[in-house]
Amino acid sequence: MTTTSGDRLHSVRAEVIAAAAAGDYRHLVVLAPEIAAAARPGQFVALAVGGETSGLLLRRSFSIHRVEPDTGTVEIVVADAGPGTRWITRLVAGEAVEVLGPLGVPFPVPDEPTPCVLLGGGYGSAPMFWLAKVLQDKGCHVDLVLGAATQDRLFGADLADRVPLTVTTDDGSAGITGRVTDPLSDLLRTSGATLAYACGPMPMLRAVTQVCRPLGVTAYVAVEESMACGIGVCMTCVLPVVGADGVTRMSRSCVEGPTFDGARVRWEAIADGRVAVPDDCLGSPASLAALNHAAAQGSSR
Amino acid sequence: MTTTSGDRLHSVRAEVIAAAAAGDYRHLVVLAPEIAAAARPGQFVALAVGGETSGLLLRRSFSIHRVEPDTGTVEIVVADAGPGTRWITRLVAGEAVEVLGPLGVPFPVPDEPTPCVLLGGGYGSAPMFWLAKVLQDKGCHVDLVLGAATQDRLFGADLADRVPLTVTTDDGSAGITGRVTDPLSDLLRTSGATLAYACGPMPMLRAVTQVCRPLGVTAYVAVEESMACGIGVCMTCVLPVVGADGVTRMSRSCVEGPTFDGARVRWEAIADGRVAVPDDCLGSPASLAALNHAAAQGSSR
Amino acid sequence: MTVDLTTDLGHGVLLPNPVLTASGCAANGKELHRLEDIAKIGAFVTKSVKRDPQSGRGTPRMAETPSGMLNSIGLQGPGIHAFVEHDLPWLRSVGARAIVSIAGESSAEFAEVARALVAAPDFDATVAAIEVNISCPNVANRGLVYACDPASSAEVLRLVVPEVPRSTPLFAKLTPDVTDITVIAEAALSAGAQGLTMINTLLGIRIDTERMRPHLFGLTGGLSGPAIRPVAVRAIWQVYAAMRAGRIPTAPIIGVGGVRTGEDALELTLAGASAVQVGTAIFNDPLAPWRVARELGDLLHARGIPRYADVVGVAHDH
Amino acid sequence: MTVDLTTDLGHGVLLPNPVLTASGCAANGKELHRLEDIAKIGAFVTKSVKRDPQSGRGTPRMAETPSGMLNSIGLQGPGIHAFVEHDLPWLRSVGARAIVSIAGESSAEFAEVARALVAAPDFDATVAAIEVNISCPNVANRGLVYACDPASSAEVLRLVVPEVPRSTPLFAKLTPDVTDITVIAEAALSAGAQGLTMINTLLGIRIDTERMRPHLFGLTGGLSGPAIRPVAVRAIWQVYAAMRAGRIPTAPIIGVGGVRTGEDALELTLAGASAVQVGTAIFNDPLAPWRVARELGDLLHARGIPRYADVVGVAHDH
Ligand SMILES: Cc1cc2nc3c(=O)[nH]c(=O)nc-3n(C[C@H](O)[C@H](O)[C@H](O)COP(=O)(O)OP(=O)(O)OC[C@H]3O[C@@H](n4cnc5c(N)ncnc54)[C@H](O)[C@@H]3O)c2cc1C
Ligand SMILES: Cc1cc2nc3c(=O)[nH]c(=O)nc-3n(C[C@H](O)[C@H](O)[C@H](O)COP(=O)(O)OP(=O)(O)OC[C@H]3O[C@@H](n4cnc5c(N)ncnc54)[C@H](O)[C@@H]3O)c2cc1C
Ligand SMILES: Cc1cc2nc3c(=O)[nH]c(=O)nc-3n(C[C@H](O)[C@H](O)[C@H](O)COP(=O)(O)O)c2cc1C
Ligand SMILES: Cc1cc2nc3c(=O)[nH]c(=O)nc-3n(C[C@H](O)[C@H](O)[C@H](O)COP(=O)(O)O)c2cc1C
Ligand code: FES
Ligand code: FES
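Residue numbers (my numbering), protein chains in the order written: chain A, 2 to 302; chain B, 2 to 302; chain C, 111 to 428; chain D, 111 to 428.
The following block contains the structure:
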């Protein structure tokens, strides 16, 4: 499994080729050949918002839904969540938008055929169809679960023509009533999957990890932390992740993620819109206090 | 002659009905029936710029080119002078823009038929055709002089079908080579005009006043000072104007102007993009220092 | 549920809603009244008035900046006598509640202005409170802004307090351009201010890169608008926290700085403000004071909060 | 005419162009190098580094604000030893000129970090200057920011100066959150700083109106971006004016705060800056440091100005 986070980034002014409603979301197709050529499922792009007179300085991040390297197009699915995304949902074909990408580490893809379950929550399903295709091309069996609060917030149920699909909604307006994680254990068992991939809200990613872990299934999750730069220079997008050396570090989800092995994420530190620094994290306030205490003891001896 | 600066103002979200190039300018037609019904030549409107995500807070002011009370439309002519006007010049039909107006004191119009000369410099000619019509409707003879740096910066030469027209350009690309004020003395003499109206850059307004004054001609000028509010609440748009009582005050050009009797403006205080406070202005630093000095003398006696 | 927007500024001053105009951003009322009834505003804060008529500075007096502006007006105004003769009766005639902002070049001038104001026939009927704009230069002290120095701040208040009946609370208006704003807050409150208004503008400069000289005639200007809102929220937070901790006397805070929407007003309120002023936003939308009050009510309603007073400072509890 | 963009930061430090990155807005180089060659930047200013590895604070660590943002990172970083082992050799390998920003919780820690840095094998080849970030909290002094107090500022410099060869100038980085920034500038320069960097962020707070609690995990954050540019220009102006007037020692100023375009860079330069850093603008446009340098050159060219050095501080002459 390889990552591409050290590869060249492209900052381009991209033409909007098409923009259309998709349930509660907006499906956008932009022309960005360099990004389309390089991107892999799980990566994202960052769009500048508001045009030349904008008072919104920071870019907005979006999972790449799919790319078409031949035509040079990149597609994203955008929910109207605030002023920045609202501006994006109002873009029409022919307009231009600044796009930066491809960003982040893609979902790791197995080298051997492996049964997998893919889960997308809300617009988190956007990258899953492309990922499914890449996995299928490798000979993997793929099951797909899409969930959302309501049918309107379900993205792409119609795009899953070549993948066994399960749909859940919280209100039962489509598919099974319940959470996207509800059918997961059964699917893992019946398919014999040893890999799961998930993209969606943090509580969902945590739940997916919790279901997978006791079953020995590796869950790759794409997290969504608030990001100022998207390229690894600002340190705003961190969450505590256990490294290969067993040490927890506040890791940047934009360059070390957004895809992580769910088992390595310290979910207990994440709650109620906040992420705390675990005491045993490298350089945590608690560990530094202990260090200073030890140093003081040492010098007083 | 009456003014309307105490009348009701309208703050409306107006639809752009038409937008087209006019030489170097953009000619915009917006739907704002309340403003169209109330406006008089010499008044202006203030447009918010940049839309919902805008980092540009202040409105931009534009002379009203003309109104059509029947259809409820208001027209302006916009030069691309910076980020705010650039945003406006990119508006297309169907979009919306916040418009506030009608603002300021209109050009005073004589009650009796009086020969007049009208002068417009650059986009300063925008209000002159409408003013000409209002004056002609009152039975006034009207001569019109339009001037600009180049032909592309000349607005409306084609609109003057019912008015004797003289055109000047600095570079001779249209009409007489020279300044808009060059033909003024002759025109005043031949037409016997006792009134002149001018809109354009400050040096032009000053020159018009200087030509008119010795000839006993009243020159009404529409000034263009940098304005933050346009409605008289911020005090940024002032210039020194002599009142009926002979006292100079720093007067707000947005509510006490933008039209002033040129003879009352203290032109000598205005130079190089700055306006100084004349020492004899009410409440000037110099007069306050004298006051304090006198008080100190008084108390020490 | 209708939301109860009344707010209590102490000393019996109850306002029907907590959204006010900011001094110097709404002149003295007549101009905004062309758009909407100013008696419906929580309270109308007038432009800071000094003793004598003031021409103010030369122009340019303003520069637009990203999400804000610089102004350098120089307190242009009619002087307190003309104010009392023309503006106050007009404010009374339309039924406005006024908070009159006063200024001076010396602490004695502040007191003189206060005296003339209190003596006005329309004072009792119209003036709900006085805002003492100590964020202006003290000519005696090298032009240093009063509110940059605790002693100068206290001196102004000490001279003004005896001139004003206790039923008319004095709000000292502070500048954020200090190392520790709680020190100035304490000085003003200990000297008799019954409340604080925070914040005035931040000192800024803009250079005209074309002419390669300062853009403003007066060189420096005051930075205002949404750009400075985080600084206003921080100043309010710090002073409210110091009050809660008992480090400085407790008193109502009027918040100001970058408020453009009902949500912004709520933000300042949650930090500790009992009322909120709208300034620069008026230049963008002259109906802002009325709109902000409406939006604030709608927001509280949507959150199921019955009384504005319930949310003052509550972010300190969470 | 090609414009000569070189700038002289004193002590033999000549930079090919005056546009630098701002500390903490460009990490330690590898990330931006994915977009463009960082050796072409005037100088690369690294993230402030302390002695030990730092986790930084919890999240949210940022809030977008009008034309700016608040950040509350808490100086997350690898610690000086890992920095010297990994980051410095990498910076050297790509031929970057580095200005290393150092920080500490005590003045002794600053000195320790400086010592470890100077001892690094790559120091001479790569480090053009050291930026001493005294705009961070002094744990010994109730967490008060060093640069809020002249004595603390001077103490840090006094301990760092002996650790660093004179050929590597020390730039003290100041906060604008003080009553008089020239007092701090003087303290730092008199204690041995050979230049000043101005300004660090302004202290701000954002309240989450939905959850009715402070938005940032660390409560307060630093306000940056175009919103604060007028404050940066003012700070540079005041300090440069004090130098011209002989009130404080003369030294080069590196300007920072809200620079997004070549025109912004020129504005800070005209106010007195001999070089300009680009920070928050990088988050909007990661190519900003290179673009700003290009735009600055084009602007000078258009104005017929042959040398960047000719316009440093010239707005004071007009
Ligand atoms: C890796 C990644 C992939 C994403 N993929 C998608 C997607 O495919 N479709 C989609 O609709 N949205 C996606 N998001 C979320 C999207 O970026 C936010 O909804 C958007 O930034 C909100 O901006 P706003 O101005 O509309 O809202 P506001 O809430 O006003 O934003 C204010 C600030 O907070 C930041 N912010 C707010 N919410 C989020 C969030 N959830 N994640 C990151 N930053 C946030 C914004 O970038 C901005 O700086 C993704 C986020 C990340 C980090
Ligand atoms: C009464 C009046 C009538 C006007 N009529 C017209 C017209 O009919 N057509 C037209 O094209 N322009 C007109 N102008 C000028 C127009 O308002 C400015 O060109 C415009 O405000 C510049 O904004 P900007 O963002 O493009 O430029 P910037 O230079 O970036 O503007 C920056 C700031 O300065 C202010 N400003 C800059 N130049 C002027 C100026 N000349 N006058 C006032 N404020 C300025 C802007 O409002 C803004 O706040 C008029 C101005 C006034 C005051
Ligand atoms: C043009 C202008 C004039 C001002 N005049 C005064 C004044 O006379 N007295 C005063 O106390 N504050 C004055 N202020 C400051 C405002 O009252 C307010 O404190 C500041 O602008 C911050 O609020 P805002 O961001 O909502 O504008 C003025 C502000 C502006 C923009
Ligand atoms: C996310 C972020 C992190 C920062 N980290 C540091 C830092 O480690 N050391 C430092 O001296 N300044 C730091 N700063 C301040 C910047 O270097 C700069 O002084 C400030 O942001 C103003 O410039 P700007 O408006 O161009 O961003 C940081 C700023 C931001 C936005
Ligand atoms: S978003 Fe800036 S480091 Fe990740
Ligand atoms: S523009 Fe505000 S008073 Fe004239």
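Each residue gets a CB set at the ideal place from its N, CA and C atoms; glycine is no exception.
Following a CB-centred definition, is residue i positioned closer than 7 Å to any heavy atom of ligand 8?
{"i": "threonine 249 (chain A)", "result": "This structure lacks ligand 8; the ligands present are ligand 1, ligand 2, ligand 3, ligand 4, ligand 5 and ligand 6."}
Skipping 5 residues on each side, what residues in its chain have a beta carbon closer than 6 Å to that of residue i?
{"i": "leucine 125 (chain D)", "result": "Thr117, Gly152, Ala153"}
{"i": "cysteine 117 (chain A)", "result": "Leu136, Cys141, Val143, Ala194, Leu196"}
{"i": "serine 21 (chain A)", "result": "Note on identity: in this sequence residue 21 (chain A) is alanine, with serine being the wrong assignment. Result list for alanine 21 (chain A): His28, in chain order."}
{"i": "histidine 1 (chain A)", "result": "This structure does not reach residue 1 (chain A), given that chain A is present from 2 up to 302, and the question cannot be answered."}
{"i": "leucine 313 (chain D)", "result": "Asp287, Thr330"}
{"i": "histidine 177 (chain B)", "result": "For the record, residue 177 (chain B) in the displayed sequence is isoleucine; it is not histidine. Taken in chain order, the residues that qualify are Thr169."}
{"i": "aspartate 172 (chain A)", "result": "Thr151"}
{"i": "histidine 428 (chain D)", "result": "none"}
Who are the Cβ neighbours of residue i in its own chain at under 7 Å, not counting the five residues just before and after it?
{"i": "proline 238 (chain B)", "result": "For the record, residue 238 (chain B) in the displayed sequence is cysteine; it is not proline. The residues are Glu226, Ser227, Met228, Arg253, Ser254, Cys255."}
{"i": "valine 135 (chain B)", "result": "Pro42, Val110"}
{"i": "lysine 157 (chain D)", "result": "Ser133, Gly134, Ala137, Asn138, Gly187, Ser211"}
{"i": "alanine 94 (chain A)", "result": "Val17, Ile18, Ala19, Ala20"}
{"i": "arginine 354 (chain D)", "result": "His426"}
{"i": "proline 396 (chain C)", "result": "Leu142, Leu145"}
Which same chain residues end up closer than 8 Å to residue i when comparing Cβ atoms and leaving out the 5 residues on each side of it in sequence?
{"i": "methionine 2 (chain A)", "result": "The predicted position of methionine 2 (chain A) is uncertain, since its pLDDT is 39 and thus under 50; no value can be drawn from it."}
{"i": "methionine 111 (chain D)", "result": "His411, Gly414, Pro416"}
{"i": "phenylalanine 327 (chain D)", "result": "Arg167, Gly168, Thr169, Pro170, Arg171, Ser182"}
{"i": "arginine 87 (chain A)", "result": "Asp81"}
So which residues on chain A does residue i lean against when the C-beta distance must stay under 7 Å?
{"i": "methionine 172 (chain D)", "result": "Ser227, Ala229, Thr237"}
So with CB distances below 7 Å, who are the chain C contacts of residue i?
{"i": "proline 324 (chain D)", "result": "Ala425"}
{"i": "arginine 316 (chain D)", "result": "Pro340, Val343"}
Under 7 Å Cβ-Cβ, which residues of chain B neighbour residue i?
{"i": "leucine 57 (chain A)", "result": "Thr54"}
{"i": "glycine 51 (chain A)", "result": "Thr54"}
Would you list the one or two residues that DSSP bridges to residue i?
{"i": "lysine 283 (chain D)", "result": "D:Asn243, D:Thr307"}
{"i": "glycine 423 (chain C)", "result": "Bridge partners of glycine 423 (chain C): none, in fact."}
{"i": "asparagine 248 (chain D)", "result": "D:Leu254"}
{"i": "serine 300 (chain C)", "result": "Per DSSP, none; premise fails for serine 300 (chain C)."}
{"i": "alanine 80 (chain B)", "result": "B:Tyr26"}
{"i": "alanine 323 (chain D)", "result": "A small correction: the amino acid at residue 323 (chain D) is arginine; alanine does not occupy that position in the sequence shown. Partner(s): D:Asp318."}
{"i": "cysteine 282 (chain A)", "result": "A:Thr249"}
Give me the chain B residues within the contact set of residue i, using Cβ-Cβ distance strictly less than 9 Å, ordered along the chain.
{"i": "tryptophan 88 (chain A)", "result": "Gly52, Glu53, Thr54"}
Would you mind telling me which residues of chain D sit closer than 8 Å to residue i, beta carbon to beta carbon, in chain order?
{"i": "leucine 485 (chain C)", "result": "Past the edges of chain C, shown from 111 to 428, lies residue 485 (chain C), and the structure says nothing about it."}
So residue i contacts chain B; which residues on that side make the cut at Cβ distance below 8 Å?
{"i": "alanine 136 (chain C)", "result": "Val234"}
>> Please give me, in chain order, every unbroken run of the beta strand (DSSP E) with length at least 3 that falls completely inside the segment 155 to 206 of chain C.
In response: If we require 3 residues or more, the beta strand (DSSP E) runs fully inside the segment 155 to 206 of chain C come out as 172 to 175, 178 to 181.
>> Count Cβ pairs between the segment 151 to 168 of chain D and the segment 122 to 132 of chain D that sit closer than 8 Å; are there 3 or more?
In response: yes
> Counting Cβ pairs, one atom from each stretch, are 3 or more of them under 8 Å apart for the segment 289 to 300 of chain A and the segment 22 to 39 of chain B?
Replying inline: Counting C-beta pairs with one atom in each stretch, the segment 289 to 300 of chain A and the segment 22 to 39 of chain B have fewer than three that are closer than 8 Å, which means they do not touch.
> Are the segment 168 to 179 of chain D and the segment 210 to 217 of chain D in contact at 8 Å, needing three or more beta carbon pairs?
Replying inline: No, they do not touch.
> What runs of the alpha helix (DSSP H), each 4 residues or longer, lie entirely inside the segment 162 to 204 of chain A?
Replying inline: Segments of the alpha helix (DSSP H) lying fully in the segment 162 to 204 of chain A: 185 to 192.
> Of all the alpha helix (DSSP H) runs that stay within the bounds of the segment 208 to 263 of chain A, which reach a length of 4 or more residues?
Replying inline: none
> When the Cβ atoms of the segment 319 to 336 of chain D are set against those of the segment 253 to 273 of chain D, are three or more pairs found closer than 8 Å?
Replying inline: Contact check between the segment 319 to 336 of chain D and the segment 253 to 273 of chain D: fewer than three CB pairs, one atom from each, fall below 8 Å, which does not count as touching.
> Three or more beta-carbon pairs under 8 Å between the segment 358 to 374 of chain D and the segment 203 to 213 of chain A, yes or no?
Replying inline: no
> Contact between the segment 191 to 206 of chain D and the segment 225 to 235 of chain D: three or more CB pairs below 8 Å?
Replying inline: As far as the Cβ criterion goes, the segment 191 to 206 of chain D touches the segment 225 to 235 of chain D, which means the pair count is three or higher.
> Taking only runs of the beta strand (DSSP E) that begin and end inside the segment 316 to 392 of chain D, which ones reach a length of at least 3 residues, in chain order?
Replying inline: 330 to 334, 363 to 366, 385 to 388
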